[in-house]
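One structure is given below, encoded as structure tokens.
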Amino acid sequence: MVLLILSATNVFSQLPPLNTIDINTTYVPESKYRQKDGDLQNTEKTQKRIDLGYSFMISNKVDTSTRKMDNWTAMLNGSYTWMGKPSNEHDLMPNRLFSTQFAVVNYHSISRKWGMVKVVQLGLNTDLRKFDIHDLFLSGGLLFIKNQSSRFSFGFGVFVANATNAPLVLPAVTFQLRSEGKFKFNIDLPTEVSSAYEPNKKMELKLALRFRNLSYDVENKLSPKKRYLNYMELPLGLEGKWKSKRFDFTLGGGYMFIRNFQLKEGGIKNMFKSTPTNKLNGNIYVNAGISYRLKPASK
Numbered sequence: 000m001v002l003l004i005l006s007a008t009n010v011f012s013q014l015p016p017l018n019t020i021d022i023n024t025t026y027v028p029e030s031k032y033r034q035k036d037g038d039l040q041n042t043e044k045t046q047k048r049i050d051l052g053y054s055f056m057i058s059n060k061v062d063t064s065t066r067k068m069d070n071w072t073a074m075l076n077g078s079y080t081w082m083g084k085p086s087n088e089h090d091l092m093p094n095r096l097f098s099t100q101f102a103v104v105n106y107h108s109i110s111r112k113w114g115m116v117k118v119v120q121l122g123l124n125t126d127l128r129k130f131d132i133h134d135l136f137l138s139g140g141l142l143f144i145k146n147q148s149s150r151f152s153f154g155f156g157v158f159v160a161n162a163t164n165a166p167l168v169l170p171a172v173t174f175q176l177r178s179e180g181k182f183k184f185n186i187d188l189p190t191e192v193s194s195a196y197e198p199n200k201k202m203e204l205k206l207a208l209r210f211r212n213l214s215y216d217v218e219n220k221l222s223p224k225k226r227y228l229n230y231m232e233l234p235l236g237l238e239g240k241w242k243s244k245r246f247d248f249t250l251g252g253g254y255m256f257i258r259n260f261q262l263k264e265g266g267i268k269n270m271f272k273s274t275p276t277n278k279l280n281g282n283i284y285v286n287a288g289i290s291y292r293l294k295p296a297s298k
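Residues in the sequence shown are numbered consecutively from 0, following numbering that gives the first Met the number 0.
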């Protein structure tokens with residue numbers, strides 16, 4: 000089961016494969032930066048990012064008579080992005096962005112097809128210039144999931160977050176649809192829509208459209224009250240994956256259609272205010288990754 004929670008400020012994707020360490024890097028060459036917040040012209044930015052992730056099972060209990068389950072899983076991930084040094088004093092783009100999250104997920108069966116998911120997540124999202132309580136992002140959710148089949152599930156619930164230094168109660172949704180076989184189609188809204196070809200158990204070629212959305216607390220000397228940076232990206236890429244007993248290697252590339260940055264003031268009243276959107280132009284990108292399973296893959 001893959002759980003996806005959608006809120007206005009963050010998307011939390013439940014878990015990478017259990018007991019697997021994932022390391023991924025992304026590089027986007029120089030792209031024109033259009034800043035509507037303040038006066039800045041003729042600036043280009045190069046984006047480099049490294050992502051790390053690990054998840055593990057805390058406990059897993061199954062009632063053999065009713066087939067109901069109750070499991071606890073934890074996830075730890077981190078991301079470091081380098082955007083280059085500011086071009087001048089009017090450049091509001093942080094040269095570094097760092098985020099890390101620790102989450103605990105509980106899944107409890109209610110009936111044969113329905114389950115309840117509880118999530119608590121604590122994150123540190125910052126530009127690494129100054130640390131205070133505002134850099135901590137706490138969120139949690141409660142969802143009811145219907146597992147229609149092993150290939151189709153959906154659910155609904157609520158999500159609470161402090162993404163703008165104020166508690167926000169937002170709707171949460173989950174939807175997954177996938178197919179099996181050599182040609183696979185996968186929908187994990189709102190995070191990914193992909194199609195893959197798997198000629199054998201050791202190779203996979205995937206075309207994927209992925210959505211990424213994160214909030215950071217940053218230092219803003221020009222407008223000190225606007226310290227909450229929301230970053231959104233939408234890439235479409237082709238990836239090749241080579242699999243072994245313990246290691247998976249990924250190499251790919253594609254086109255980054257959207258990279259938007261918005262600076263907002265804290266508080267609920269400012270959450271939905273219209274603010275200028277600073278953008279990086281679309282550009283090609285390349286990515287590479289490696290996964291290491293602490294337990295060998297089953298044959």
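The beta carbon of each residue, even a glycine, is placed where N, CA and C say it ideally should be.
* Asked: Are the Cβ atoms of residue 89 and residue 127 separated by less than 7 Å?
  -> no
* Which word fits residue 205, buried or exposed, when buried means at least 16 other C-beta atoms lie within 10 angstroms of its C-beta? -> Under this definition residue 205 is a buried residue.
* Beta-carbon spacing of residue 217, residue 26 below 7 Å -> The answer is no: Cβ separation not under 7 Å.
* With a threshold of 16 other CB atoms inside 10 Å of the CB of residue 268, please say whether the residue is buried or exposed. => exposed
* **Segment limits, alpha helix (DSSP H) that includes residue 267** => It spans 267–270 - the alpha helix (DSSP H) in which residue 267 sits, taken as one unbroken run.
* To do: Please state if the CB of residue 277 and the CB of residue 36 are separated by a distance shorter than 7 Å.
  => yes
* Asked: So the beta strand (DSSP E) residue 117 belongs to, where does it begin and stop?
  -> 113–125
* Asked: What is the DSSP secondary structure of residue 247, counted as helix, strand or coil?
  -> strand
* To do: Name the two residues that bound the continuous beta strand (DSSP E) containing residue 232.
  => 225–242
* Can you give me the Cβ contacts of residue 70 inside the same chain, cut-off strictly under 6 Å, excluding the 5 residues immediately before and after it? => Excluding residues within five positions, the ones whose Cβ falls inside 6 Å are 59 and 106.
* In terms of alpha-carbon separation, which member of 140, 177, 155 and 46 lies closest to residue 161? -> 140
* Asked: Tell me which same chain residues have a C-beta within less than 8 Å of the C-beta of residue 155, skipping the five on either side of it?
  -> 142, 143, 170, 171, 172 and 173
* To do: Identify, in the order they occur along the chain, each residue of the same chain with its Cβ nearer than 7 Å to the Cβ of residue 125, setting aside the five sequence neighbours on each side.
  => 97, 134, 215 and 216
* With hydrogens ignored, establish whether the beta-carbon of residue 144 is closer than 6 Å to any heavy atom of the ligand GDP. => In the structure shown, the ligand GDP is absent, as is every other ligand, since no ligand is present at all.
* **Bridge partners - residue 253, DSSP secondary structure assignment** => 236 and 284
* What number of angstroms, rounded off, separates the C-alpha of residue 55 from the C-alpha of residue 18? -> 5 Å
* **residue 256 vs residue 236 beta-carbon contact at 7 Å** => no
* Endpoints, beta strand (DSSP E) assigned at residue 22 -> 19–33
* Stretch pair the segment 178–190 + the segment 103–118: three plus CB contacts closer than 8 Å -> These segments do not touch.
* residue 133 in three-state terms, based on DSSP -> helix
* Asked: For residue 207, which residues from the same chain have a beta carbon less than 7 Å from its beta carbon, with the 5 sequence-adjacent residues on both sides left out?
  -> 191, 193, 236 and 238
* Asked: With 16 as the cutoff for other CB atoms within 10 Å, does residue 226 come out buried or exposed?
  -> buried
* For residue 247, count neighbouring C-beta atoms within 10 Å of its own C-beta (all shown protein chains included) and say buried if the count is 16 or more, exposed if not. => buried
* Run the CB neighbour count on residue 149, radius 10 Å, all protein chains shown included, and call it buried at 16 or more, exposed below. => exposed
* Asked: Which residues mark the beginning and the end of the beta strand (DSSP E) in which residue 100 is found?
  -> Taken as a continuous stretch (DSSP letters only), the beta strand (DSSP E) holding residue 100 covers 95–108.
* Going by other Cβ atoms of all chains shown within 10 Å of its Cβ, with 16 needed for buried, is residue 168 buried or exposed? -> exposed
* Apply the 10 Å Cβ neighbour rule to residue 222 and answer buried if 16 or more other Cβ atoms are within range, or exposed otherwise. => exposed
* To do: Could you tell me which residues DSSP puts in a beta bridge with residue 212?
  => Looking at the DSSP assignment, residue 212 forms a beta bridge with 231.
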